[in-house]
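Undergrad:
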Ligand SMILES: Nc1ncnc2c1ncn2[C@@H]1O[C@H](COP(=O)(O)OP(=O)(O)OP(=O)(O)O)[C@@H](O)[C@H]1O
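Numbering (my numbering), first residue to last: 9 to 402.
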């Protein structure tokens with residue numbers, strides 16, 4: 009039945025006695041407002057994800073039969089499992105228990121010419137901590153919340169502390185994380201990380217988000233919305249925010265705002281529809297009791313300013329390019345990719361030099377020069393730096 013059908017059926021329910029209509033949905037935002045007016049589905053209850061205590065209760069329920077029949081090994085600590093299952097829904101916790109059972113059931117199966125069941129072993133079979141850990145690692149990931157792998161992908165080359173500024177960026181991030189957690193007056197904390205292309209903005213945003221340890225972390229990136237229409241893109245962005253509002257503490261990273269807006273400097277052109285969506289979402293306060301840390305990144309600070317988006321951010325953090333020979337040497341030292349002799353040679357050539365290169369491009373140059381034969385490695389490194397980073401005397 010569609011929304012209109014339900015509205016028709018619930019019209020005049022006050023004339024019917026003893027009938028309670030209960031509707032359920034995962035997408036409250038997609039329900040016709042007419043259906044939610046008084047007299048229809050007027051009382052709304054949000055069932056959030058269970059907290060640690062709730063998860064413990066759910067695990068106790070789903071393992072009660074195992075315990076009763078002595079099938080749960082003594083090393084299984086449900087409190088530990090409850091702590092490890094952040095963002096799991098009740099159904100996913102049930103799935104976890106089932107997956108652990110299946111993992112245990114594989115043990116008494118003997119695979120020779122025929123698949124046989126060792127009935128003796130079945131009798132003694134117990135579901136152990138290792139079965140739960142195996143299920144957690146391989147079988148079940150929560151649909152909602154943190155996808156650590158996604159975030160790690162953005163920091164695949166680590167964060168090199170090549171200048172005090174990088175340390176300062178991370179410290180500012182920590183400050184904002186604490187503000188989000190502790191402040192009662194600012195349930196929405198917004199940061200814009202800006203810098204030239206390839207300066208490492210996305211990696212720093214991902215690092216701050218991961219260090220927050222918030223139960224809900226999501227990346228809103230243009231790469232995940234390739235070939236989306238304006239409407240589909242706005243809907244996808246809105247969905248990320250409405251999911252974030254369901255968790256007590258959330259962090260959303262909106263990467264490369266200008267690309268999300270389809271901004272092209274020739275023209276210049278951009279999607280006003282997506283811009284208006286972002287403006288509203290960047291200002292919207294999360295519901296009572298919920299807190300959101302929003303981190304956005306851009307390589308087009310001036311454009312963002314002209315579009316009137318700058319006011320949405322309480323803090324703008326600049327990520328600089330690597331601009332001194334001594335900073336390049338810091339990167340090389342931390343990567344430990346050249347021999348001592350090569351490093352000393354590079355020290356002589358790079359000290360007191362100026363340049364401008366993003367950390368992402370610098371790592372690229374390092375990788376390229378590593379492919380050259382030993383005798384040419386340092387020469388290759390310096391010549392590419394001269395070409396793309398404008399190496400010059402200070
Ligand atoms: N101090 C650092 N800051 C940021 N990134 C670093 C740092 N040290 C090493 N990296 C690595 O450099 C790369 C930075 O790439 P990233 O995609 O974040 O750059 P970007 O500025 O967002 O690029 P783009 O302009 O294409 O959006 C990542 O692989 C990251 O692991």
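We put the beta carbon where it would ideally sit given N, CA and C, even for glycine.
Could you work out which residue in 361, 383 and 298 is closest to residue 349 when comparing CA atoms only?
TA: In the chain shown, the residue the question calls residue 349 occupies position 341. Among 361, 383 and 298, the Cα nearest to that of residue 349 belongs to 383.
Undergrad: Looking at residue 290 and residue 261, is the spacing between their C-beta atoms short of 8 Å?
TA: Taking the chain shown and counting its residues from 1, one reaches residue 261 at position 253. Taking the chain shown and counting its residues from 1, one reaches residue 290 at position 282. It is not a contact, given that the beta carbons lie outside the stated cut-off.
Undergrad: Out of 30, 387 and 309, state which residue places its alpha-carbon closest to the alpha-carbon of residue 204.
TA: Locating residue 204 in the chain shown gives position 196, counting from the first residue. Nearest C-alpha to residue 204: 309.
Undergrad: If we count the other Cβ atoms within 10 Å of its Cβ and call it buried at 16 or more, is residue 378 buried or exposed?
TA: As a first step, residue 378 is located in the chain shown; it is residue number 370 there, counting from the start. That one is exposed.
Undergrad: To the nearest angstrom, how far is the alpha carbon of residue 48 from that of residue 39?
TA: Position 40 of the chain shown holds residue 48. Position 31 of the chain shown holds residue 39. Roughly 12 Å separates the two Cα atoms.
Undergrad: Determine the DSSP secondary structure at residue 421, reduced to helix, strand or coil.
TA: Given a span of 9 to 402 for the chain in the structure shown, any question on residue 421 remains unanswerable.
Undergrad: Please determine, among 275, 239, 224 and 41, the residue with the shortest C-alpha to C-alpha distance to residue 251.
TA: Translated into positions along the chain shown, residue 251 becomes position 243. When only C-alpha atoms are compared, the closest one is 224.
Undergrad: Looking at residue 162 and ligand 1, is the gap between the Cβ and the nearest heavy atom below 7 Å?
TA: Translated into the one-based positions of the chain shown, residue 162 becomes position 154. Taking 7 Å as the cut-off, one finds at least one heavy atom of ligand 1 near enough to the beta carbon of residue 162.
Undergrad: Should the stretch 210-220 be regarded as contacting the stretch 240-251, the criterion being three or more beta carbon pairs within less than 8 Å?
TA: No: the two stretches stay apart, fewer than three of their Cβ pairs being nearer than 8 Å.
Undergrad: Report the residue ranges of all beta strand (DSSP E) runs contained in full by the stretch 252-281; include only those spanning at least 3 residues, in chain order.
TA: 257-262
Undergrad: Residue 316: which of 244, 69, 287 and 213 sits nearest, CA to CA?
TA: Locating residue 316 in the chain shown gives position 308, where the first residue counts as 1. Among 244, 69, 287 and 213, the Cα nearest to that of residue 316 belongs to 287.
Undergrad: Can you name, in chain order, every residue of its own chain whose Cβ lies under 6 Å from the Cβ of residue 304, other than the five neighbours on each side?
TA: One-based indexing of the chain shown puts residue 304 at position 296. 200, 262 and 265.
Undergrad: What does the Cβ neighbour count give for residue 277, buried or exposed, with the cut at 16 atoms within 10 Å?
TA: Counted from its first residue, the chain shown places residue 277 at position 269. The residue in question, residue 277, is exposed, as its Cβ has fewer than 16 Cβ neighbours within 10 Å.
Undergrad: Less than 7 Å separating the Cβ of residue 174 from some heavy atom of ligand 1?
TA: Residue mapping note: residue 174 aligns to position 166 of the chain shown, counting from 1. Under cutoff, so the answer is yes.
Undergrad: Find the nearest neighbour of residue 117 within the set 130, 105 and 106, judged by alpha-carbon distance.
TA: As a working mapping, residue 117 is identified with position 109 in the chain shown. Checked all of 130, 105 and 106; the closest Cα to residue 117 is 130.
Undergrad: Excluding the five sequence neighbours on either side, which residues of its own chain have a C-beta within less than 6 Å of the C-beta of residue 328, listed in chain order?
TA: To locate residue 328, count along the chain shown from 1; it is residue 320. Around residue 328: 173.
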